[in-house]
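Before any comments, here is the structure.
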Amino acid sequence: MSEPTTTTEMARARSSESPETDSTPQEPATRTFTDQEREELTHFVVYGQPNSEPPTRRTLRSDWNTEEFITPVTSPWDISLTQVQIKRLELGFDPQQMEDKWFVFAEEENEEIGVHFFRSWTGNKIFEVVVELQGEAKGGKIKELIWESSQEVVGDEGEEGAKEMVIEVCRWVLNVELRSQKQIEEQERRDEEELES
Numbered sequence: 085m086s087e088p089t090t091t092t093e094m095a096r097a098r099s100s101e102s103p104e105t106d107s108t109p110q111e112p113a114t115r116t117f118t119d120q121e122r123e124e125l126t127h128f129v130v131y132g133q134p135n136s137e138p139p140t141r142r143t144l145r146s147d148w149n150t151e152e153f154i155t156p157v158t159s160p161w162d163i164s165l166t167q168v169q170i171k172r173l174e175l176g177f178d179p180q181q182m183e184d185k186w187f188v189f190a191e192e193e194n195e196e197i198g199v200h201f202f203r204s205w206t207g208n209k210i211f212e213v214v215v216e217l218q219g220e221a222k223g224g225k226i227k228e229l230i231w232e233s234s235q236e237v238v239g240d241e242g243e244e245g246a247k248e249m250v251i252e253v254c255r256w257v258l259n260v261e262l263r264s265q266k267q268i269e270e271q272e273r274r275d276e277e278e279l280e281s
């Protein structure tokens, strides 16, 4: 017999193993999660499963039913991008399963690319990053972040939380590692300190 996997299955297994037949309703067995398990579950709820396979074609606006921002806020942002990172952002992400929590597409206009991030279940637009292209061989940079500020949609998410979430969606869903200039400088400083010690 295979191992029970959920708390309800464990409760059923326990009750079926009992030699006594009791008709009293029983509370389902509960389980306490470790901090790491809670963190992993929360991450899954927000970001979904990781994108293990790159898209075979560019994702288009028309691939999903979406809603525009309700209360957008624009913040400057300065993150350098390589050509490879830009190509991955341009491909976007088209959710295929319920475990895919994001829909992402990009549109180019006047030497800029708008990368649009939506929750896949609701179609709500949560973020848009504006990428300034710097020539074919030079890559580009994220110059601003537009994020949803409506409490009905995102709760109390502020600018820093929005930036952290974009960084994680890019990493987890699009396979794009974003590092701000500040993060790069901090890493360089830590590397120098390590070399000096």
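Following the working numbering, the residues of the sequence shown are numbered contiguously, the last one being 281.
All C-beta atoms, glycine included, are put in the ideal place defined by N, C-alpha and C.
From a predicted model like this one, the values you see are computed outputs, not experimental measurements.
Query                                                                                                                                       : Result
For the beta strand (DSSP E) containing A190, list its first residue and its last residue.                                                  : W186 to E193
What does a CB cutoff of less than 6 Å around R142 pick up in its chain, not counting 5 residues either side in sequence?                   : L175
Can you look up D240 in the DSSP assignment and give me helix, strand or coil?                                                              : coil
Are the region 220-228 and the region 156-163 in contact at 8 Å, needing three or more beta carbon pairs?                                   : yes
Going by alpha carbons, who is nearest to E220 out of E270, Q167 and Q271?                                                                  : Q167
For F117, count the other beta carbons within 10 Å of its own beta carbon; 16 or more makes it buried, fewer makes it exposed. Which is it? : exposed
Return the first residue and the last residue of the alpha helix (DSSP H) that V168 is part of.                                             : Q167 to L175
State the start and end residues of the unbroken beta strand (DSSP E) segment that holds K225.                                              : G224 to E232
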